[in-house]
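Residue numbers (my numbering), protein chains in the order written: chain R, 1 to 163; chain E, 1001 to 1540.
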């Protein structure tokens, strides 16, 4: 089972290592991790996507809550949140294939942000599934380089994870 | 103007600290220069790990966080085992380490170690102080975190320049506000009601009491609860001392090295009330089977403990004091069916065993069994780790005193330094150490601390010339191949005692040992008794 955790933490040195250390020493695996400051400059929000059964997730939430700089831990309900990650893909692009690639990029509502004689760089901001679809579509042209962020997620509607 | 080092001392004074255990070094020198003039007593141990164990013994007997101090680098890394022991045993402790100067951090300079990083898995929280101004807040928070919620060690790492820098004035904060740390101490009323219902509907309930009962100071409350409801009580290793050993409804310690009576009662119970215990693998070897058979009520201050090892039907997160008050109020006049308490009592008669004696040797289980009667009823017994620990856990007849051991971490060498701490916390109490010849040699350097401070601690060494616990394991699981468990080359412990100027004697029979002990109980000086024990004496 894959689950998404939103964690509010005090914005201070060493917090990230406390959290990643907890995952490794208790044998939990992280699929994706993203950190950024919130509207309160003293508080950062970490989004973690991890795998495990119900026992693992429950233990993980409780152990995270025990860390002093952790303010709040919330498991986001599947389907009730919006998630995004950002990817930059550098794709081989011979002149003959350029139109095809542009078409694919347009269909997916991605964006070409850089062009060179033999390659283009595509920017895409979507949920992980859509990002993976774009990668699959561009693979046949030859991918030179991929860089992607961890997923960030937010509740739909009025629900919010706040201090 | 006031320096960081002076502030550190003033913070400790403001926290009511009377004694600290430590070992100096260059990076912590500014602090040592200031504590020299203060009202706080500094006890020089002989190795830093023992400073942490002494702080642990002090904390457990005083109910206040123990404080230990070490320098940077090796001083700090030597503390780690002691800090980890306190963490696993949930003991409130504040560990203070010196650190290299801030501008040298991360450059691998002389005696630099990333101690906050190294201790991360073993501390409740840690601080690397970057500004002298932060010291009062950090100390206030550290003592608060160590001593509230589920207690544990907090580390404060302070670079030398932070100790040397001066600020205008010292103001100790009156309150603490840590946004992410608000332990829930009040047991949920609905869960308490459910628990009371379950207790009333049960036929064969038992209480399993752990270290949490002792650290929350509700020993007498839980005794009263048992007396009123007639529910039998089992303790974990850390919970020994919750009930007097001779109480008719106390069944002893559970687990792989526990009493047959306790394990049988747990096996036959239909309801288990777990109080302040985590039920690790040595307590309940197959926790899943346990919860399949009986209803589990788990009371703990740490929500993460609930459901971690044993499946729980009724969780109550809260301080034992609050929860016990509520349970006692709600339970009314309930008394468990007489048949159950009578059955349990009959086990006690049926299953008592008399240990086999060997001529020319002290039988340790019988000796420990008789020990309590020879000392004051409030005596503190500190057991080390290994067979000696099991002999003590199952045979010491505790009355109103304490039984200290490291049940969680199982750190050999714990007993002597922990006894030093216990003695400073409770100077008028009898303090007895029981250790093996293996564990004695792990901290015999602290005899200097005992001799130097003339601490009235009676040390009984159970000398079987074996690492008995591991040897027993090798007998059972490794085809009697005694790899590295024979203690060749042990020194003459009596000469060691003599070298430290500590009175001593040797015994080769229980009569002899008891005669010697009777002769020393009233002395106010330390004593070492070496008991020669038959090498094949089993743990149980």
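Ideal Cβ positions, reconstructed from N, Cα and C, are used throughout, including at glycine.
Is there a Cβ of chain R sitting closer than 8 Å to that of residue 1304 (chain E), yes or no?
Cβ-Cβ to chain R under 8 Å: yes for residue 1304 (chain E).
Cα separation between residue 1338 (chain E) and residue 1205 (chain E)?
Approximately 12 Å, taken between the alpha carbons.
So the candidates are E:1055, E:1065, E:1316 and E:1365; which of them puts its Cα closest to the Cα of residue 1189 (chain E)?
Looking only at E:1055, E:1065, E:1316 and E:1365, the smallest Cα-Cα distance to residue 1189 (chain E) is reached by E:1316.
Report the residues of the stretch 87-119 of chain R with a CB closer than 7 Å to any CB of chain E, ordered along the chain.
Listed by position along the chain: nothing, the set is empty.
Let's see if you can read the secondary structure: which residues bound the beta strand (DSSP E) around residue 121 (chain R)?
If you look at residue 121 (chain R), you'll find it in the beta strand (DSSP E) that goes 119-126.
Roughly how many angstroms lie between the CA atoms of residue 1202 (chain E) and residue 1331 (chain E), to the nearest whole one?
The straight-line gap from Cα to Cα measures roughly 13 Å.
Collapsed DSSP secondary structure at residue 1437 (chain E) in the structure displayed:
In the structure shown, residue 1437 (chain E) sits in a helix (DSSP, three-state: H, G or I).
With distances taken between CB atoms, is the gap from residue 1198 (chain E) to residue 1266 (chain E) smaller than 8 Å?
No, the pair does not count as a contact, with Cβ atoms beyond the cut-off.
For residue 38 (chain R), which residues from the same chain have a beta carbon less than 6 Å from its beta carbon, with the 5 sequence-adjacent residues on both sides left out?
Around residue 38 (chain R): 45.
Could you please give me the residues that DSSP links to residue 1505 (chain E) through a beta bridge?
DSSP output for residue 1505 (chain E) lists E:1529 as bridge partner(s).
Look at the alpha carbon of residue 1400 (chain E) and the alpha carbon of residue 1527 (chain E), and state the distance between them as a whole number of angstroms.
Whole-angstrom Cα-Cα distance: 23 Å.
If you run the structure through DSSP and keep just helix, strand and coil, what is residue 1194 (chain E)?
Helix at residue 1194 (chain E).
Are the CB atoms of residue 1032 (chain E) and residue 1075 (chain E) within a distance shorter than 8 Å?
No. Outside cutoff.
Buried versus exposed call for residue 109 (chain R) [16 or more other C-beta atoms within 10 Å across all chains shown]:
Result: exposed.
State whether the stretch 1108-1122 of chain E contacts the stretch 1131-1140 of chain E, with contact taken as three or more CB pairs (one from each stretch) at a distance under 8 Å.
Contact between the stretch 1108-1122 of chain E and the stretch 1131-1140 of chain E is not established, with fewer than three Cβ pairs separated by less than 8 Å.
When DSSP labels each residue in this structure, what does residue 1095 (chain E) get in the three-state scheme?
Collapsing the DSSP output to three states places residue 1095 (chain E) in a strand.
Run through chain R and tell me which residues come within less than 8 Å of residue 1156 (chain E), C-beta to C-beta.
The contacting residues do not exist; residue 1156 (chain E) stays about 13 Å from chain R at best.
For the stretch 1308-1327 of chain E, which residues have a CB atom closer than 9 Å to at least one CB atom of chain R, in sequence order?
Only those residues of the stretch 1308-1327 of chain E whose C-beta falls short of 9 Å from the nearest C-beta of chain R are listed: 1308.
What do you get for residue 1044 (chain E), buried or exposed, if any count of 16 or more other CB atoms within 10 angstroms of its CB means buried?
The residue in question, residue 1044 (chain E), is exposed, as its Cβ has fewer than 16 Cβ neighbours within 10 Å.
Interface partners of residue 1125 (chain E) on chain R, CB under 7 Å
The contacting residues are 68.
For the pair the stretch 1236-1249 of chain E and the stretch 1407-1416 of chain E, tell me if three or more CB-CB distances fall below 8 Å.
They touch, by the three-pair rule.
Tell me which same chain residues have a C-beta within less than 8 Å of the C-beta of residue 1171 (chain E), skipping the five on either side of it?
Within the same chain, 1136 come within 8 Å of residue 1171 (chain E) by CB-CB distance, once the 5 residues on both sides are set aside.
Using a cut-off of 8 Å between C-beta atoms, extract the partners of residue 21 (chain R) located in chain E.
Chain E residues near residue 21 (chain R): 1120 and 1121.
Going by other Cβ atoms of all chains shown within 10 Å of its Cβ, with 16 needed for buried, is residue 1449 (chain E) buried or exposed?
Flag for residue 1449 (chain E) reads buried.
If we call anything under 8 Å between Cβ atoms a contact, is residue 1415 (chain E) one with residue 1437 (chain E)?
For the 8 Å CB-CB criterion, residue 1415 (chain E) and residue 1437 (chain E) do not form a contact.
Interface residues of chain R around residue 1180 (chain E) at Cβ under 7 Å?
Within chain R, 10, 68, 69, 70 and 71 have C-beta atoms less than 7 Å from the C-beta of residue 1180 (chain E), given in sequence order.
Limits of the beta strand (DSSP E) - the one that residue 4 (chain R) falls within
Judged by DSSP secondary structure, residue 4 (chain R) falls within the beta strand (DSSP E) whose first and last residues are 2-10.
Using only alpha-carbon positions, find the residue among R:153, R:137 and R:121 that is nearest to residue 146 (chain R).
Closest by C-alpha distance to residue 146 (chain R), out of R:153, R:137 and R:121, is R:121.
Indicate whether residue 1223 (chain E) and residue 1243 (chain E) have their beta-carbon atoms separated by less than 8 Å.
Taking 8 Å as the Cβ cut-off, residue 1223 (chain E) and residue 1243 (chain E) qualify as a contacting pair.
Which residues in chain R sit within 8 Å of residue 1145 (chain E), going by Cβ to Cβ distance?
By Cβ distance, chain R contributes 68.
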